[in-house]
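FYI, the numbering for the sequence shown is 1 to 180, going by the numbering used here. All C-beta atoms in this analysis are idealised placements derived from N, C-alpha and C, irrespective of residue type, glycine included. I have placed the structure first, in the form of structure tokens, so that the comments after it can refer back to it.
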Amino acid sequence: METNFEDYLKNKRTSLDVETPDDDFIWAGIQRDLKPQKSFRFFSWKAAAIILLALMSGYVLNSVLNPTPKVVQFSLADISPEYAKQELVYQASIQKRWEQIKQTDYKPDDYADIFKEIDQLELLKAESIKDFKELGGNPRMVKTLFEYYEIKIRLLEIMLAEIEKKGNDKTKNQRDERYY
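Put into structure tokens, the structure is as follows:
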């Protein structure tokens with residue numbers, strides 16, 4: 001078997017030998033082996049950097065296009081001590097009513113209309129304060145702000161009355177059920 005192979009090589013040697021090597025093929029192989037293989041780790045770092053850059057750009061763009069308003073506390077005490085006293089009375093009254101409401105077992109869904117009115121009232125107050133800052137201590141503006149407090153107190157009183165009415169209706173229904 002070895003002799004067949006050796007004979008074959010002797011006979012075909014001229015066709016098998018290449019006088020000049022294929023330089024392009026050899027150099028392509030060398031260059032391929034010399035190029036460092038880009039690892040998955042390098043690719044993942046690159047992807048993470050791109051994602052981080054996109055997130056930071058989005059954050060900056062959002063903060064530029066939608067700036068958060070600075071909350072400035074406004075008080076009528078800034079105008080006059082007399083107004084400050086009256087405002088404190090109104091605020092204490094509102095706080096007292098909220099505490100009374102919180103002590104009950106009310107469900108906000110049952111009083112959605114009242115909460116909607118309160119939200120609209122808060123929007124009007126914010127607009128009034130904005131106008132107040134622009135126009136200054138106008139007595140009509142002060143009156144508007146005091147009316148805001150009075151309306152809010154009335155709404156809270158209405159809510160308390162409704163809560164009490166529902167509570168009374170519940171107890172009445174429970175008593176009626178006992179007799180049947």
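What does the alpha-carbon distance come out to for the pair residue i and residue j?
i, j, result
"Leu156", "Glu134", "30 Å"
"Lys46", "Tyr59", "20 Å"
"Ala54", "Lys116", "39 Å"
"Glu164", "Leu123", "28 Å"
"Ser15", "Leu34", "32 Å"
"Ile30", "Ser44", "28 Å"
"Asn62", "Phe132", "30 Å"
"Ile26", "Asn4", "31 Å"
"Gln95", "Ile79", "23 Å"
"Ile114", "Lys166", "15 Å"
"Ala236", "Asp22", "Because the chain is modelled from 1 through 180, residue 236 falls outside the range shown and cannot be assessed."
"Glu162", "Tyr111", "9 Å"
"Glu6", "Asp24", "31 Å"
"Ile51", "Lys85", "55 Å"
"Lys12", "Arg32", "32 Å"
"Ile118", "Asn66", "26 Å"
Residue i: which of the options sits nearest, CA to CA?
i, options, result
"Ile153", "Asp131, Thr3, Lys166, Leu121", "Leu121"
"Trp98", "Leu160, Leu52, Gln86", "Leu160"
"Phe40", "Asp33, Lys10, Ala48", "Ala48"
"Glu82", "Ile26, Gln31, Pro139, Gly29", "Pro139"
"Ile158", "Met141, Ala84, Ile101", "Ile101"
"Glu87", "Ala28, Asp7, Val142", "Val142"
Take every Cβ of the region 82-92, pair it with every Cβ of the region 143-153, and state whether three or more of those distances are shorter than 8 Å.
Remark: three or more beta-carbon pairs, one from each stretch, lie closer than 8 Å, so the region 82-92 and the region 143-153 are flagged as touching.
Does the pairing of the region 124-133 with the region 99-114 give three or more beta-carbon distances under 8 Å?
They do not touch, by the three-pair rule.
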